[in-house]
């Protein structure tokens, strides 16, 4: 009986320790331009993958003149953690960005690679209400893109 109790205590301690190390999702908003003249807004939510402990990203961006958000699939370079590839849903374009401090710089590339436009983004602050609104919008965009 003592061994069973000890086993449960050890398991409980392990579970608590594991939960304490996992991080809450972090949301970031970036504003800037493509080609120095087209204003855009980028929203990224970063969270820990529960299976691998790697970071996973959910993201979307829009051209500020449009109300339509474009869902992005993000891959982080494992060798250089400050480099990212963001592929637009339906492969309508690709962003290759480097993060330095609170900024992203890089290129937007058309699917045929004929257009390559400079991207400059800087982190912007958000209120709790704005985060909630972005989360609702991202959920809606994901549903619209992936619903059967």
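Residue numbers (our numbering): 195 to 342. Backbone N, C-alpha and C fix where the C-beta goes; we use that ideal spot for every residue, glycine too. Note that the structure is predicted; figures quoted are calculated from it, not measured.
As a quick exercise: from the options, pick the residue whose alpha carbon is nearest that of residue i.
{"i": "residue 335", "options": "314, 267 and 295", "result": "267"}
{"i": "residue 289", "options": "218, 217 and 229", "result": "229"}
{"i": "residue 281", "options": "302, 261 and 262", "result": "302"}
Give me, in chain order, the residues of the same chain whose beta-carbon lies closer than 6 Å to that of residue i; leave out the 5 immediate sequence neighbours on both sides.
{"i": "residue 240", "result": "220, 249 and 251"}
Which term fits residue i, buried or exposed, when burial requires 16 or more other beta carbons within 10 angstroms of its beta carbon?
{"i": "residue 285", "result": "exposed"}
{"i": "residue 295", "result": "exposed"}
{"i": "residue 253", "result": "buried"}
{"i": "residue 224", "result": "buried"}
Per DSSP, which one or two residues make a beta bridge with residue i?
{"i": "residue 139", "result": "Nothing can be reported for residue 139, as the shown portion of the chain is limited to 195 through 342."}
{"i": "residue 265", "result": "254"}
{"i": "residue 240", "result": "220 and 251"}
{"i": "residue 226", "result": "234 and 315"}
{"i": "residue 293", "result": "298"}
Can you list, in chain order, the residues of its chain whose CB lies under 7 Å from that of residue i, leaving out five sequence neighbours each side?
{"i": "residue 256", "result": "234, 235, 262, 263 and 264"}
Three or more C-beta pairs below 8 Å linking the region 271–283 and the region 321–330: no
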